[in-house]
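The structure appears below as structure tokens.
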Amino acid sequence: MSETDSNPETETEAFGSAPIDTSSGPDTTAEFPLQVDGLRKSFGGITAVDGATFQVESGTLTGLIGPNGAGKSTTFNLITGMLKPDTGTVTFNDEDITGMEPHEIANKGLVRTFQIARELEDMTVLENMMLAPKHQRGEKLWRSVLPGVRGEVIEQEEELLERVWEVLEFFEIDHIAEEYAGNLSGGQRKLLEMARALLTDPDMLLLDEPFAGVNPSLEKRLLTHIHELREQGYTFLLVEHDMDLIMENCEHVIVLHQGRVLTEGTPADIKSNEEVIEAYLGGNV
Amino acid sequence: MSVREDLADRMPGGDAGLIVAVLLVTYAAYVLVGVGLGYSLRGQLNTIAVLTFYIGVFAMLALALNLHWGYTGLFNIGIVGFMAVGVYVMALFTKPIYTPGGAAQVGGLGLPLIVGIVAGMAAAALLGLVVALPALRLRADYLAIVTIAMSEIVRFSFLSSDLQQFQMFGNRVGFGGGSGLILDFTDPLQALFQSVGLWGAYLGFVDAFKAIVPTNPKPVVDGLVYGLFLLLFVAAYYWLLKRTGESPFGRVLKAIREDEDVANSLGKDTNQFKIKSFMLGCALMGLAGIFWLMTQGAVTPNFFRPRVTFFVWIALIIGGAGSNTGSVLGGAVFAAVLYQGPRYFKNLVDTVLPAADAPSSFGPAIAPLISNLNPAPMFFYTVDSIRQLQLVVMGLVLIWLMHNRPEGMLGHRKETAAGIPLTAAHARAAATDGGTAKNAANDAADDAATAGGDSDE
Ligand SMILES: Nc1ncnc2c1ncn2[C@@H]1O[C@H](COP(=O)(O)OP(=O)(O)OP(=O)(O)O)[C@@H](O)[C@H]1O
Ligand SMILES: [Mg+2]
């Protein structure tokens, strides 16, 4: 794939993302790539996120848990620029990304998946996947159209397709490659969404309940894969309601309750924390 | 899925074959009716030329709209405004410099036609940019409101006496106000042939045409040749938009149409893509407007009423939004059946029954039908008002389509948004000769890793 990415043209610069000089692997310059400070967001009367403050350590799989309506998805939306916070800041790789556009944040390597999988329904699985990779030459209109240069676009399309196919096979959705995404089952949509997010080559992935509806054996495989990527330095923030999964896989857990961080720590700490038990089992504290 | 789909799949030559077949059937129908009713050859040829003209302009406009609506989901109902700006700016650049005492009230800059055409397209694209910048950030329906308002503002601007005439580079230029603008530049066909040094040959050809049309064949030949020229441009639009759609650029447009947030959170600057797509479509609409009017001798602002916009929409809906082939077919079917059809039908009735006098109002038309079941007066009355009824018919067709086939002729067909075939077979082949799939996990990881380092080298 290196031909694709080390494309000699000027697109990389044109993106303006000016990636902080990295020679290989994800950006690991920051010890805590993601820092969220005093994030607050209200919708009319409801304060969905109420001063959430936490940070995610580089190369970890960090869990974000909390009861329904705790503000987990809203926090994701605030981090990724889909919503603008009322107050508070989001820092990614030592850069203040508060209020940036979602595409700018994604191009900095912080990519999210949606809780309710959002597929591009009238596009096939392959089209969905081919959309994701960055630095596609053919995203420049003139390159796609002009006779002389279109060849380079086609060449890159072939390379991308090859890579897309490998990821599809890994996620075990290659048999539905030509299917329209709108026809997929709930679990298949989740898989497609995660595969697609991975194809953007993120440094850090925010996964909003990625395993909901995914069969157990595949869930295991995906977790194995996540651990492999994590070992290479990628960072994950995972929202999940399955406590066993969180306890077995995360090295750090953040508990969100009513828009605030109730507590955080290792799975063992969390397990023994009475507040957490109360928040999950006893409703309102 | 349907008969039509099967037809498209079985058609030799694929989509191009389908388009040619539809055109041939249309022409054959027109010619047959004309022959059956004893039209002169000249009349037949003129009918064909006019039909081709409208097929050409509507196909071009439907293709441009398909880029906006079918590909990007941009709801543009101000098409006619972009056409108007294209034509008027072209006229401003191309009309000869004002000379006192000449026929024209105002002049132009006297530049070559091609310069005027490029300027007209650029002006339409710029207007698109101005319209799009504020509206694209808002919800989709705001673009609709802004575009239709813009098209009326454009029309009223060209109507206004303030722009009727003004000075530019020391020349008296202007847009002529409500009385319109005489397009007194060299005949475009002549300019075209002269520019390639074939004007003499063309005149020779016209002369030879006397064998078919003995008296004054030039208008007939001009019409036919211009129609052919328009069809060539339909092909050019088709080619351009097909390449646009079948590319990573088109893929992002399609994703924007489906769910802009998703495209955005995958790192695509969707506003950029929307603006580019919108401007390209607007330029193509401006060019189509120029082609529609540059041979008409004059242009008035009231030609550019919103109904033209709705004609284009009907053409696209008939053909099927999302499909370029469908757009061409929709343009052709709209032009032949809904736009020119009723007029042709009226001409036929007038020719066959020249003596029949139509009642002048609805009362005398309906009375005989009720009192002694005589439908003739009602029939003639209907035929006589066919231009007014045309809009009613279009409305009925639209309602019928919406209920029974909202995807139009080919809208159900999804044209792949990639430069290569996106099939499992193709992908599998690529994967097996490119690398091993068995270690996909590591490959994916490596890919991700290399991507992080794309700034060096
Ligand atoms: N766009 C919105 N408009 C109004 N209220 C909203 C909006 N988005 C979220 N909320 C409210 O904010 C609160 C937090 O919602 P959020 O989706 O963040 O919860 P969550 O922690 O992700 O819950 P779950 O585990 O069920 O997914 C809820 O009370 C929800 O009703
Ligand atoms: Mg949620």
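Residue numbers (UniProt numbering), protein chains in the order written: chain A, 1 to 285; chain B, 1 to 457. In this text, a Cβ means the ideal position worked out from N, Cα and C, and glycines have one as well. In this text, all values refer to a predicted model and were calculated from it rather than measured experimentally.
Around the Cβ of residue i, are there at least 16 other Cβ atoms within 10 angstroms (buried) or fewer (exposed)?
i      : result
A:P147 : exposed
A:Q136 : buried
A:R112 : buried
B:F140 : Checking the sequence shown, residue 140 of chain B turns out to be Ala, not Phe. Exposed.
B:R307 : exposed
B:T436 : Below a pLDDT of 50, predicted positions are generally treated as unreliable, and B:T436, at 43, falls in that range; the measurement from the model is reported next regardless. B:T436 comes out exposed.
A:V56  : buried
B:P301 : buried
A:R188 : According to the sequence provided, residue 188 of chain A is Gln. The question's Arg does not apply to it. With 16 or more other Cβ atoms within 10 Å, it is buried.
A:T266 : exposed
B:S361 : exposed
B:M168 : exposed
A:Q156 : buried
B:L284 : buried
B:V252 : buried
B:T351 : exposed
B:R343 : exposed
Name the DSSP beta bridge partners of residue i, please?
i      : result
A:V253 : A:G63, A:G265
B:G107 : B:V173
B:I182 : B:A298
B:A344 : Reading off the sequence, residue 344 of chain B comes out as Tyr, not Ala. Beta-bridge pairing links B:Y344 to no other residue.
A:Q35  : A:Q55, A:T91
B:V252 : B:V252 pairs with nothing; no bridge assigned.
A:V111 : A:L205
B:Y39  : Paired residue(s): none; B:Y39 is not in a bridge.
A:R260 : A:H257
Figure out for me which residue from the options has the closest Cα to the Cα of residue i.
i                      : options                        : result
B:G331                 : B:G319, B:Y71, B:M279, B:R137  : B:G319
B:F205                 : B:V196, B:G197, B:K218         : B:K218
B:A17                  : B:R387, B:G36, B:A235, B:L63   : Residue 17 of chain B is actually Gly in this sequence, not Ala. Closest option to B:G17, Cα to Cα, is B:A235.
A:D203                 : A:A195, A:E209, A:Q232         : A:Q232
B:L348                 : B:G36, B:I256, B:I19           : B:G36
A:Q235                 : A:G99, A:G109, A:S73           : It is Thr, not Gln, that sits at residue 235 of chain A in the sequence shown. Measuring from the Cα of A:T235, the nearest candidate turns out to be A:G109.
residue 286 of chain A : A:G182, A:I97, A:L160          : Limits of chain A in this structure are 1 at one end and 285 at the other, which puts residue 286 of chain A out of reach.
B:G56                  : B:G227, B:A255, B:A425         : B:G227
B:V333                 : B:K346, B:I317, B:M294         : B:I317
B:A288                 : B:L63, B:D222, B:L41, B:Y381   : B:L63
B:G419                 : B:Y339, B:K242, B:Y381, B:N372 : B:K242
B:K95                  : B:F58, B:I114, B:M83, B:A125   : B:I114
A:T200                 : B:G267, B:R257, B:N216, B:G176 : B:G267
B:G34                  : B:E415, B:F345, B:Y88          : B:F345
A:F171                 : A:E178, A:K190, A:G186, A:L161 : A:K190
B:R137                 : B:I275, B:P112, B:I19          : B:I275
Using a Cβ-Cβ distance under 8 Å, would residue i count as near chain C?
i     : result
A:P85 : Checking the listed chains, one finds no chain C in this structure; the protein chains it contains are A and B.
What three-state label does DSSP hand residue i in the structure shown?
i                      : result
B:V196                 : coil
B:G289                 : helix
B:D15                  : helix
A:E95                  : strand
residue 333 of chain A : Outside the shown range of chain A, which is 1 to 285, sits residue 333 of chain A, and nothing can be said about it.
B:M168                 : strand
A:M204                 : strand
B:A418                 : coil
A:A197                 : helix
A:V239                 : strand
A:I46                  : strand
B:Y381                 : helix
B:Y98                  : coil
A:T124                 : strand
B:G435                 : With a pLDDT of only 46 at B:G435, under 50, the local geometry of the prediction cannot be trusted, and no value is derived from it.
B:R139                 : coil
A:R118                 : coil
A:Y180                 : strand
B:G411                 : coil
residue 477 of chain B : Residue 477 of chain B is absent from the structure shown; chain B starts at 1 and stops at 457.
B:A321                 : coil
B:V397                 : helix
B:R428                 : helix
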